[in-house]
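For reference, the structure is listed below as structure tokens.
Protein chains: 2
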Amino acid sequence: MIGVDWGTTSLRAYRLDGAGAVLDRRESAQGILSVPQGGFPAVLDGAIRPWLDAGEELVLLCGMVGSRQGWREAPYLPCPAGPAEIAAAAVPLAFPGAQRCFLVPGLSARGPEGVPDVMRGEETKMIGLLSELGDGAASRATLCLPGTHSKWARLEGGRVAGFATRMTGETRAVLLGHSILGRLSAPARDQGSSDEAFRRGVRRSRDRGGLLHHLFGTRALGLMGELAAEETDDYLSGLLVGHEVRAAVEDGGTTGGGTVHLAGSATLCRLYALAFAEYGVAHRLHDPDIAARGLHRIGATLP
Amino acid sequence: MIGVDWGTTSLRAYRLDGAGAVLDRRESAQGILSVPQGGFPAVLDGAIRPWLDAGEELVLLCGMVGSRQGWREAPYLPCPAGPAEIAAAAVPLAFPGAQRCFLVPGLSARGPEGVPDVMRGEETKMIGLLSELGDGAASRATLCLPGTHSKWARLEGGRVAGFATRMTGETRAVLLGHSILGRLSAPARDQGSSDEAFRRGVRRSRDRGGLLHHLFGTRALGLMGELAAEETDDYLSGLLVGHEVRAAVEDGGTTGGGTVHLAGSATLCRLYALAFAEYGVAHRLHDPDIAARGLHRIGATLP
Chain B
605 MIGVDWGTTS LRAYRLDGAG AVLDRRESAQ GILSVPQGGF PAVLDGAIRP WLDAGEELVL
665 LCGMVGSRQG WREAPYLPCP AGPAEIAAAA VPLAFPGAQR CFLVPGLSAR GPEGVPDVMR
725 GEETKMIGLL SELGDGAASR ATLCLPGTHS KWARLEGGRV AGFATRMTGE TRAVLLGHSI
785 LGRLSAPARD QGSSDEAFRR GVRRSRDRGG LLHHLFGTRA LGLMGELAAE ETDDYLSGLL
845 VGHEVRAAVE DGGTTGGGTV HLAGSATLCR LYALAFAEYG VAHRLHDPDI AARGLHRIGA
905 TLP
Chain P
605 MIGVDWGTTS LRAYRLDGAG AVLDRRESAQ GILSVPQGGF PAVLDGAIRP WLDAGEELVL
665 LCGMVGSRQG WREAPYLPCP AGPAEIAAAA VPLAFPGAQR CFLVPGLSAR GPEGVPDVMR
725 GEETKMIGLL SELGDGAASR ATLCLPGTHS KWARLEGGRV AGFATRMTGE TRAVLLGHSI
785 LGRLSAPARD QGSSDEAFRR GVRRSRDRGG LLHHLFGTRA LGLMGELAAE ETDDYLSGLL
845 VGHEVRAAVE DGGTTGGGTV HLAGSATLCR LYALAFAEYG VAHRLHDPDI AARGLHRIGA
905 TLP
């Protein structure tokens with residue numbers, strides 16, 4: 605089969621064998637924002653034509669390609685949802701290049717107060733992680749997928765039971781790019797001092813006062829000569845990731861053995877591991893390629 | 605005397621009589637960012653020349669004019685500080701137009717964990733409020749000056765005992781201007797629905813999950829059709845102001861009779877009053893012109 609993780613700014617395609625092993629892969633910057641109206645079939649065909657010619661019949665797409673701004677909207681599927689529910693809700697697509705083509709739906713959830721949350725793309729990574737963990741561990745586990753919009757999920761009985769998104773990466777980006785905190789910042793000197801500034805921000809997140817107060821403290825520390833311009837970015841990142849971890853811990857988001865299963869870019873995972881250590885939270889790092897694994901698992905479960 | 609509140613984007617000058625009454629006032633957009641290097645004496649002279657010609661001898665300046673980016677830096681004075689300490693630390697300025705000219709210093713404080721905080725300009729408003737409250741009430745009171753960087757201060761024994769800044773207004777501005785939340789937003793319909801969306805955001809701030817999660821909820825509510833584009837801005841404002849008030853309440857920032865003394869722009873004060881009501885916090889609204897009162901009080905205390 606062919607699995608495609610098609611996001612806002614990138615397209616990652618995998619040719620997978622019957623056991624889910626990656627036979628071949630292609631990656632391009634043809635995210636959905638770069639696709640002209642009506643252009644999705646042509647871009648997909650260009651990306652995976654050799655594999656179709658070689659006889660692949662099934663194409664499964666996940667990510668923002670299934671959003672309102674994508675090829676076609678695949679409605680959010682409410683949690684709890686596992687491979688069976690997701691496969692059953694996959695949306696068939698008319699794509700002349702393949703015999704069968706489907707969109708993976710995103711997931712929705714409700715917090716304890718009824719406020720909704722959504723994800724699109726991460727559900728496939730979560731199903732991949734669930735496969736990797738095996739049914740025993742996946743009966744009860746906590747996942748963290750860090751990023752622009754970090755996802756924290758609870759797995760229960762082999763399904764995604766619920767999740768919470770935290771806007772950590774995007775908040776960091778807009779504060780650095782457009783607030784007074786960014787104007788204080790200079791490029792970091794080296795990884796050692798960078799890590800120490802990050803850890804200092806994480807430790808600050810444990811204090812009282814609230815995030816909005818801690819943010820201004822970044823500026824006050826700078827003005828008083830207690831935080832170097834080269835440390836500002838890392839300290840701010842530590843503050844925000846720290847508040848993310850703090851809220852997850854307070855929400856009981858690290859129950860189920862206490863180990864957080866972490867998957868994402870190497871850079872982010874390294875920083876989250878530092879933050880987990882400051883909070884005394886155990887974690888296990890997973891392969892960043894879990895999207896391919898999830899696409900295979902859902903593909904194998906299609907009706 | 606002449607008092608001048610000279611901030612980043614505006615200049616407000618007051619001619620005050622011996623009792624502190626405002627005899628005349630001038631306001632312009634000649635904030636310090638618009639003043640060319642070395643241009644401060646000329647701009648000040650242009651703003652207050654008629655009052656100097658009429659015989660005023662003392663000029664007292666507060667605000668960002670005393671920052672590193674201003675006319676001259678007036679070092680931060682550590683709390684606790686009242687009118688006597690502030691007047692004693694006023695920095696004399698060479699201004700040929702007046703017999704005596706001084707800069708009011710900003711204040712610094714340390715939180716319980718030793719992290720510094722700073723203000724510049726607000727200390728003068730606080731001294732004005734302190735004068736307005738009279739020595740009895742000012743022996744122990746909580747102040748809130750909402751804004752880009754909201755200030756919460758404790759008055760004790762007629763001095764500013766300590767304070768905490770929360771970056772509420774600036775965080776709102778950068779999220780609306782540059783994040784996915786701003787792209788969801790449309791102009792509000794009317795004040796009634798606007799207030800209700802603001803209150804809904806304040807109520808959400810009382811829930812678990814943390815600010816970073818609540819921020820993303822703004823988007824999820826929009827995607828699920830549970831928050832209109834016209835409500836996004838007000839809901840987000842309510843969320844942020846709510847988190848500010850929540851943190852202040854958790855920090856014990858509303859001790860001292862339980863009444864928060866509020867002063868600022870009419871628009872902001874109206875919204876903060878809505879947020880206080882949701883949190884069950886009593887407040888008393890003060891004249892926005894307290895800077896003039898503070899300048900008079902400090903001027904009258906100069907050595």
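These protein sequences, in sequence, are chains B and P.
Its first residue numbered 605, the first sequence is counted upward by one per residue in this note's numbering.
Its first residue numbered 605, the second sequence is counted upward by one per residue in this note's numbering.
Glycine included, C-beta positions come from ideal geometry on N, C-alpha and C.
None of these values were measured; they are calculated from a predicted model.
Under 8 Å between C-beta atoms, does residue 775/P make it to chain B? Here the question's residue 775/P lines up with position 171 in the second sequence. So yes, residue 775/P belongs to the interface.
Any chain B beta carbon closer than 8 Å to residue 860/P: Position 256 of the second sequence, counted from the first residue, corresponds to residue 860/P. With a pLDDT of only 48 at residue 860/P, under 50, the local geometry of the prediction cannot be trusted, and no value is derived from it.
Continuous beta strand (DSSP E) stretch holding residue 690/B: start and end: Along the first sequence, read from residue 1 onward, the residue named residue 690/B stands at position 86. Premise fails: residue 690/B lies in the alpha helix (DSSP H), 687-692, not in any beta strand (DSSP E).
As a quick exercise: from 762/B, 652/B and 760/B, pick the residue whose alpha carbon is nearest that of residue 661/B. Counting from 1 along the first sequence, the entry for residue 661/B is found at position 57. Residue 661/B has its Cα closest to that of 652/B, out of 762/B, 652/B and 760/B.
For chain P, check one thing: does any of its Cβ atoms lie closer than 8 Å to the Cβ of residue 720/B? In the first sequence, residue 720/B corresponds to position 116, counting from 1. With 8 Å as the cut-off, residue 720/B counts as an interface residue toward chain P.
Please report the straight-line C-alpha distance between residue 706/P and residue 694/P, rounded to a whole angstrom. For the purposes of this step, residue 706/P is taken as residue 102 along the second sequence, with counting starting at 1. For the purposes of this step, residue 694/P is taken as residue 90 along the second sequence, with counting starting at 1. One C-alpha to the other measures close to 6 Å.
Please confirm whether residue 821/P has its beta-carbon closer than 8 Å to some beta-carbon of chain B. Working through the second sequence from its first residue, we reach residue 821/P at position 217. By this cut-off, residue 821/P is an interface position.
Quick one: residues in its chain with C-beta nearer than 6 Å to the C-beta of residue 674/P, no 5 flanking neighbours on either side, listed in chain order? One-based indexing of the second sequence puts residue 674/P at position 70. 636 and 668.
Per DSSP, cross-strand counterpart(s) of residue 681/B: In the first sequence, the residue the question calls residue 681/B occupies position 77. Note: residue 681/B sits in a beta bridge opposite 711/B.
Residue 773/P in three-state terms, based on DSSP: Translated into the one-based positions of the second sequence, residue 773/P becomes position 169. Note: residue 773/P maps to helix in three-state DSSP.
According to DSSP, simplified to helix, strand and coil, what is residue 890/P? For the purposes of this step, residue 890/P is identified with residue 286 of the second sequence, where counting begins at 1. Coil, per DSSP.
Ranges of the alpha helix (DSSP H) found wholly within the stretch 815-856 of chain P, counting only runs of at least 4: 815-827 and 833-854
Taking Cβ to Cβ, would you say residue 806/P is nearer than 8 Å to residue 846/P? Here residue 806/P refers to the residue found at position 202 when the second sequence is read from its first residue. Here residue 846/P refers to the residue found at position 242 when the second sequence is read from its first residue. In contact: residue 806/P and residue 846/P (Cβ atoms closer than 8 Å).
Members of the stretch 678-697 of chain P near chain B, C-beta cut-off 7 Å: none
Backbone CA spacing between residue 677/P and residue 712/P [nearest angstrom]: The residue you call residue 677/P lines up with position 73 of the second sequence. The residue you call residue 712/P lines up with position 108 of the second sequence. If I take the Cα positions, the gap works out to 14 Å.
Are any of the Cβ atoms in chain P nearer than 8 Å to that of residue 708/B? The count along the first sequence starts at 1 and reaches residue 708/B at position 104. Closer than 8 Å: no.
Quick check: what's the CA-CA separation for residue 860/B versus residue 814/P? Working through the first sequence from its first residue, we reach residue 860/B at position 256. Working through the second sequence from its first residue, we reach residue 814/P at position 210. Here residue 860/B scores only 48 on pLDDT, less than 50, and its place in the model is too uncertain to base an answer on.
Against chain P, which members of the stretch 824-835 of chain B pass a CB distance test of less than 9 Å? 824, 825, 827, 828 and 830
With residue 868/B and residue 750/B assumed to form a contact (beta carbons below 8 Å), what rounded beta-carbon distance in angstroms separates them? Locating residue 868/B in the first sequence gives position 264, where the first residue counts as 1. Locating residue 750/B in the first sequence gives position 146, where the first residue counts as 1. With 8 Å as the limit, residue 868/B and residue 750/B qualify as a contact, their Cβ atoms being about 5 Å apart.
Would you give the residue range spanned by the alpha helix (DSSP H) that residue 607/P belongs to? For the purposes of this step, residue 607/P is taken as the residue at position 3 of the second sequence. Not the alpha helix (DSSP H): residue 607/P falls in the beta strand (DSSP E), residues 606-610.
So what's residue 654/P in DSSP terms, helix, strand or just coil? To locate residue 654/P, count along the second sequence from 1; it is residue 50. If DSSP states are grouped into helix, strand and coil, residue 654/P belongs with the helices.
Segment limits, beta strand (DSSP E) that includes residue 745/B: As a working note, residue 745/B is residue 141 in the first sequence. Per DSSP, residue 745/B belongs to the beta strand (DSSP E) from 744-749.
What residues are listed by DSSP as bridge partners for residue 756/B? Taking the first residue of the first sequence as position 1, residue 756/B is located at position 152. Residue 756/B pairs with 748/B and 768/B.
What does residue 723/B pair with, by DSSP beta-bridge criteria? Walking along the first sequence from the start, residue 723/B turns up at place 119. 711/B, per the DSSP bridge assignment.
Indicate whether the contact test is met: 3 or more Cβ pairs, each with one atom in the stretch 766-777 of chain B and one in the stretch 884-898 of chain B, closer than 8 Å. no
So, helix, strand or coil for residue 788/B, using DSSP? The count along the first sequence starts at 1 and reaches residue 788/B at position 184. DSSP places residue 788/B in coil when its eight states are reduced to three.
Between the CA atoms of residue 728/P and residue 640/B - distance to the nearest angstrom: The sequence position of residue 640/B within the first sequence is 36, counting from 1. The sequence position of residue 728/P within the second sequence is 124, counting from 1. Their backbone Cα atoms lie some 57 Å apart in a straight line.
Distance, residue 733/B Cα to residue 624/B Cα: Working through the first sequence from its first residue, we reach residue 624/B at position 20. Working through the first sequence from its first residue, we reach residue 733/B at position 129. Each residue's alpha carbon lies about 13 Å from the other.
Taking only beta-carbon atoms, is residue 778/P less than 8 Å away from chain B? Here residue 778/P refers to the residue found at position 174 when the second sequence is read from its first residue. Yes, residue 778/P lies at the interface with chain B (some Cβ there is under 8 Å from its Cβ).
Expressed to the nearest angstrom, what Euclidean distance is found between the alpha-carbon atoms of residue 985/P and residue 826/B? Residue 985/P lies beyond the residue range present for chain P, which begins at 605 and ends at 907; the question has no answer from this structure.
Assigned exposure category for residue 717/B - 16 Cβ within 10 Å defines buried: The residue you call residue 717/B lines up with position 113 of the first sequence. So residue 717/B counts as exposed.
Backbone secondary structure at residue 906/B - three-state DSSP: Numbered from its first residue, the first sequence carries residue 906/B at position 302. Looking at residue 906/B - three-state DSSP - the assignment turns out to be coil, as it is neither helix nor strand.
Check whether the Cβ atoms of residue 812/P and residue 760/B sit closer than 8 Å, and answer yes or no. Against the second sequence, residue 812/P aligns to sequence position 208. Against the first sequence, residue 760/B aligns to sequence position 156. No.
Reduced DSSP secondary structure (H/G/I, E/B, other) of residue 632/P: In the second sequence, counting from the first residue as 1, residue 632/P sits at position 28. Here residue 632/P sits in strand by DSSP.
Measure the alpha-carbon distance for residue 702/P versus residue 903/P and round it to whole angstroms. For the purposes of this step, residue 702/P is taken as residue 98 along the second sequence, with counting starting at 1. For the purposes of this step, residue 903/P is taken as residue 299 along the second sequence, with counting starting at 1. Rounded to the nearest angstrom, the two C-alpha atoms are 14 Å apart.
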